[in-house]
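Protein chains in written order, with this note's numbering: chain A, 5 to 386; chain B, 73 to 167.
For each residue, glycine too, the CB sits at the ideal point set by N, CA and C.
From a predicted model like this one, the values you see are computed outputs, not experimental measurements.
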């Protein structure tokens, strides 16, 4: 996804090429880095099948091409197959982003028959015990069975590893597992610190040395495996001195619809509490994308302050991530503090100085994503 | 790591089955869609992909493109582009 700083630069002629539908915030896993809002249980009023179909139709009419079904756990929606079939009929390239829970041979075949093109399966650990500690339930064996089943169906699959200091030392084991299953794409996605991941940042953030060791193992595997496996390694932006070109720009090519129909320029954006995001229940998608104040707010560069405004790299990274600027500096219009030119860079440096590395890697301090936690929204400056 | 032999004129190539190639009117261009990715192709790139994946051999594709663009010196450029496309996983040699 463009969010992860893949270097992708795409001029979509102002159209929302990339549509992500978060079908539900419900999920049986309790990952303490979940990208869903920390107060996710407030948004339980999910769109109906017909409402989702209307979103898909309107998106395609506006020129959307790539479609990601995600959540929460999208397999929890019994109408997923019906929605995939509708999306395929409309001409989308359909991707399923899943933990594997709720997926079985029958549903996999039904999804493929409905036109599903690709599955992104999350794997948090290369073995059962660590997996259970990190996601809160016993799902490791099921995930591996599902990975083999996806492979047997001939669907392209990306094995997605959310990387933190708890599993970064296991890079080689992840790669061995992926090779044994015959996975073609592995993505080591170092966590980006929003929502639940931000809440647990002090425990999750790896050290620079850990990242360098992991990346070296990935480089060696790339040389050894060649075309057999494509391995993506997404560096955590905190360790960069320039911000990621987040979402290829605000309201540029990317549109997310949350479970309750709230339209967002990225999956994290509703954490910017100073903005009022429109709902597909009240407005048509064309107005939301082209004209709504929330989508116009950080489009282009007229909103920029210094040092972005006069920076010769502003068309390359668009000032970085608005959510990160809001969370760490309190103002979404500030330069992403990851940037070495930001007057707030010392916030990031302070955090990096506290990274724990291999020390005290017990999971007891993690706040697991759990409805019983009843957390209110994370405030800026946490 | 296995090294692939260079493309030859009697090779036939096909689109990687995970990739979809089509004209997209709102973008006024050809696009390649693949797992979690989009590439917009300019007119020349699209013409080469279309010719190469539709011809019985690369030699036939080169001949067709030479006729279309009325140029006799295109072969090295076409092959270089297709090598790049193969390295990116867009196309593969038919077995």
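Practice item. Identify, in the order they occur along the chain, each residue of the same chain with its Cβ nearer than 6 Å to the Cβ of residue 134 of chain B, setting aside the five sequence neighbours on each side. Key: 147 and 150
Point to revise | Within chain B, the residues that residue 122 of chain A reaches when beta carbons sit closer than 9 Å | key: 90, 106, 107 and 108
Review point. Taking just the CA atoms, how far does residue 314 of chain A sit from residue 127 of chain A?
Key: 42 Å
Practice item. Report the option in B:116, B:105, B:120 and B:154 whose CA atom is closest to the CA atom of residue 91 of chain B. Key: B:105
Check your understanding: Could you give the distance in angstroms between the alpha-carbon of residue 96 of chain B and the alpha-carbon of residue 85 of chain B?
Key -> 23 Å
Review point. Given that residue 160 of chain A touches chain B, what residues does it touch there, using C-beta distances under 7 Å?
Key: 90 and 107
Point to revise | Same chain only: Cβ atoms within 6 Å of residue 111 of chain A, ignoring 5 sequence neighbours per side | key: none
Practice item. In angstroms with no decimal places, state the Cα-to-Cα distance between residue 115 of chain A and residue 125 of chain B. Key: 28 Å
Exercise for review: Quick one: which residues of the segment 68 to 92 of chain A get their C-beta closer than 8 Å to a C-beta of chain B? List them in chain order.
Suggested key: 69, 70 and 72
Check your understanding: Which residue's Cα is closest to the Cα of residue 359 of chain A: A:156, A:177 and A:204?
Key -> A:204
Check your understanding: Between the C-alpha atoms of residue 7 of chain A and residue 270 of chain A, what's the straight-line distance to the nearest angstrom?
Key -> Note on residue 7 of chain A: pLDDT 37, under 50, position unreliable in the model; the coordinate value appears next. Each residue's Cα considered, the two are about 8 Å apart.
Exercise for review: Check each candidate in A:74, A:118 and A:372 and name the one with the smallest Cα separation from residue 93 of chain A.
Suggested key: A:118
Practice item. Report the option in A:113, A:51 and A:15 whose CA atom is closest to the CA atom of residue 67 of chain A. Key: A:15
Point to revise | Beta carbon proximity, residue 171 of chain A to chain B, threshold 8 Å | key: no
Point to revise | Rounded C-alpha distance that separates residue 138 of chain B from residue 79 of chain B | key: 18 Å
Review point. CB residue 367 of chain A to CB residue 138 of chain A, shorter than 8 Å?
Key: yes
Exercise for review: Flag residue 194 of chain A as yes if its beta-carbon sits less than 8 Å from any beta-carbon of chain B, otherwise no.
Suggested key: no
Exercise for review: Check the C-beta distance from residue 215 of chain A over to residue 243 of chain A and give it rounded, since I have them as a contact under 8 Å.
Suggested key: 6 Å
**Study point:** Given 8 Å, three or more beta-carbon pairs between the segment 164 to 184 of chain A and the segment 338 to 353 of chain A
**Key:** no
**Study point:** residue 332 of chain A versus residue 351 of chain A - alpha carbon distance
**Key:** 8 Å
Exercise for review: Within its chain, find whatever has a CB closer than 7 Å to the CB of residue 161 of chain B; leave out the 5 residues flanking it on each side and keep chain order.
Suggested key: 88
Point to revise | Environment of residue 200 of chain A [buried if 16+ CB atoms lie within 10 Å] | key: buried
Practice item. Verify whether the separation of the beta carbon atoms of residue 120 of chain A and residue 110 of chain B is less than 8 Å. Key: no
Review point. The alpha helix (DSSP H) spanning residue 273 of chain A covers which residue range?
Key: Neither: residue 273 of chain A is in no alpha helix (DSSP H) and is coded neither H nor E.
Review point. CB-CB under 6 Å to residue 127 of chain B, same chain, minus the five flanking residues each way: which ones, in chain order?
Key: 133
Check your understanding: How would you call residue 171 of chain A, buried or exposed, if buried means at least 16 neighbouring beta carbons within 10 angstroms?
Key -> buried
Exercise for review: Using three-state DSSP, classify residue 344 of chain A as helix, strand or coil.
Suggested key: coil
Review point. With C-beta atoms as the reference, is residue 262 of chain A less than 8 Å away from residue 279 of chain A?
Key: no
Review point. Between the beta-carbon of residue 327 of chain A and the beta-carbon of residue 198 of chain A, is there less than 8 Å?
Key: yes
Check your understanding: Going by Cα to Cα distance, which pick from A:318, A:311, A:144 and A:293 is closest to residue 305 of chain A?
Key -> A:318
Point to revise | residue 99 of chain A at chain B interface by Cβ criterion, 8 Å | key: yes
Point to revise | Between the CA atoms of residue 79 of chain A and residue 154 of chain A - distance to the nearest angstrom | key: 14 Å
**Study point:** Any chain A beta carbon closer than 8 Å to residue 98 of chain B
**Key:** yes
Review point. According to a CB-to-CB cut-off of less than 7 Å, which residues of the segment 150 to 162 of chain B neighbour chain A?
Key: none
Check your understanding: What does residue 165 of chain B reach in chain A if we use C-beta pairs closer than 9 Å?
Key -> The premise fails here: residue 165 of chain B is roughly 12 Å from chain A at the closest Cβ pair, so nothing lies under 9 Å.
Point to revise | Neighbour list for residue 85 of chain B in chain A, Cβ cutoff strictly below 7 Å | key: Those within 7 Å of residue 85 of chain B in chain A number zero; the least Cβ separation is about 15 Å.
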